[in-house]
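Single-structure report; data block below.
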Amino acid sequence: PYPDWDQGGLGLNPEADSDYGKEPLDAEGKISPRFQTKVQSKIKDLLQQMEEGLKTADPHDFSTYTGWTGVALLYLQLHRVSQEAAHLQRALDYVKRAMRTLNGRKVTFLCGDAGPLAVCAVVHHKLNNTADSQDCLSRLLQLQRSVVGPDAEMPDELLYGRAGYLYALLYVNKEIGANAVDDSVIAKVVTAILESGKNMSAEQKKSDRCPLLYEWHKKQYIGAAHGLAGIYYMLMQPGSKVPPDLLSELV
1 PYPDWDQGGL GLNPEADSDY GKEPLDAEGK ISPRFQTKVQ SKIKDLLQQM EEGLKTADPH
61 DFSTYTGWTG VALLYLQLHR VSQEAAHLQR ALDYVKRAMR TLNGRKVTFL CGDAGPLAVC
121 AVVHHKLNNT ADSQDCLSRL LQLQRSVVGP DAEMPDELLY GRAGYLYALL YVNKEIGANA
181 VDDSVIAKVV TAILESGKNM SAEQKKSDRC PLLYEWHKKQ YIGAAHGLAG IYYMLMQPGS
241 KVPPDLLSEL V
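Numbering (my numbering), first residue to last: 1 to 251.
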């Protein structure tokens, strides 16, 4: 496909390599069976490498960000694509491991208890373990008290704050069903985020320029992890159900 491509410069022999020149897409624009087989083989190899590496992983890291729940989420995604029961079972194995080490200190999807609880609820739901799924969901909803309460120490950002808890709620609704988490629960979390931002903006006397203002460890950030971008992104999600006129006014 490239007129100036010199295959000889790399010492390639098209006739010696039966895969040479095979495009990943066929004439209809779909992934070719040959390429799909190669991808599946590579995925299998990478999973084996990962499993070997996990033998020396931190046994207490339950997080979605760097721990066992993140591995469970990977297998959940593989099951979504492959529909292989073995992938769903591996997701269950890893999220169970995460559930044994929850510490109750953080409430977000990426770094706190909300991540394992949300993923656990989804995995059990897909396995038709209704009682176990509901138990995880109930425990997830119990975290709401520390999120919407008048706790000045609770941040609002995505990694460790209210926006991260909101992500967990919306994730469950997306995966299990729109009514898994009641709208009133989501509304309370959204309101807490909005009120926190408006209060900070008023304290800084910046309401005109930035109606919602947030801090992380006494500093103002604009990025996705600790700053405005991540918080605004969550508020703009359809599942958050912030009225369009309010979004236009504040965000």
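Every residue, glycine too, gets a C-beta built ideally from N, C-alpha and C.
- Task: Look up LEU212 in the DSSP assignment and say whether it is helix, strand or coil.
- Result: If DSSP states are grouped into helix, strand and coil, LEU212 belongs with coil.
- Task: Quick one: give me the first and last residue of the alpha helix (DSSP H) that VAL181 is part of.
- Result: Here VAL181 belongs to no alpha helix (DSSP H), and DSSP marks it neither H nor E.
- Message: Per DSSP, what are the beta-bridge partners of ILE31 in this structure?
- Response: Partner(s): LEU25.
- Taking all protein chains shown into account, do 16 or more other C-beta atoms lie within 10 angstroms of the C-beta of HIS124, making it buried, or fewer, making it exposed? By the neighbour-count rule (16 or more Cβ atoms within 10 Å), HIS124 is buried.
- Task: Could you spell out the range, first to last residue, of the alpha helix (DSSP H) harbouring GLU249?
- Result: That run of the alpha helix (DSSP H) goes 244-250.
- Return helix, strand or coil for GLN36, following the three-state DSSP convention. Note: GLN36 maps to helix in three-state DSSP.
- Beta-carbon gap between TYR75 and THR108 smaller than 8 Å: It is not a contact, given that the beta carbons lie outside the stated cut-off.
- Message: Within a Cβ cutoff of 6 Å, which residues of the same chain sit near LYS241, ignoring the five residues on either side of it in sequence?
- Response: No residues qualify anywhere along the chain.
- Exposed or buried, which one is THR64 when buried takes at least 16 other CB atoms within 10 Å? Answer is buried; the Cβ neighbour count reaches 16.
- Item | Residues of its chain near GLN237, where Cβ-Cβ distance is below 7 Å and the 5 sequence neighbours each way are ignored | A distance below 7 Å between beta-carbons, with the five flanking residues on each side excluded, links GLN237 to the following residues of its chain, in chain order: LEU170.
- Task: Sort LYS219, ALA86 and LYS42 by Cα distance to LYS126 and report the nearest one.
- Result: Distance from the Cα of LYS126 is smallest, within the candidate group LYS219, ALA86 and LYS42, for ALA86.
- Simplified DSSP state of LYS96, which is helix, strand or coil: For LYS96, the three-state secondary structure derived from DSSP is helix.
- Message: According to DSSP, is LYS55 part of a helix, a strand, or is it coil?
- Response: Three-state result, LYS55: helix.
- Could you give the distance in angstroms between the alpha-carbon of GLN49 and the alpha-carbon of VAL181? Their backbone Cα atoms lie some 37 Å apart in a straight line.
- Query: Taking C-alpha atoms, which residue in ASP183, GLU249, ALA168 and VAL185 lies nearest to GLY197?
  - Reply: Measuring from the Cα of GLY197, the nearest candidate turns out to be GLU249.
- Where does the unbroken alpha helix (DSSP H) through HIS60 begin, and where does it stop? For HIS60, no alpha helix (DSSP H) segment is defined, and its DSSP state is neither H nor E.
- Query: Based on the DSSP secondary-structure assignment, which residues constitute the bridge partners of LYS219?
  - Reply: Note: LYS219 sits in a beta bridge opposite TRP216.
- By Cβ distance, which residues of its chain are closer than 6 Å to LEU117, with the 5 residues on each side in sequence left out? Cβ neighbours of LEU117 beyond the five flanking positions: CYS136, ARG139 and LEU140.
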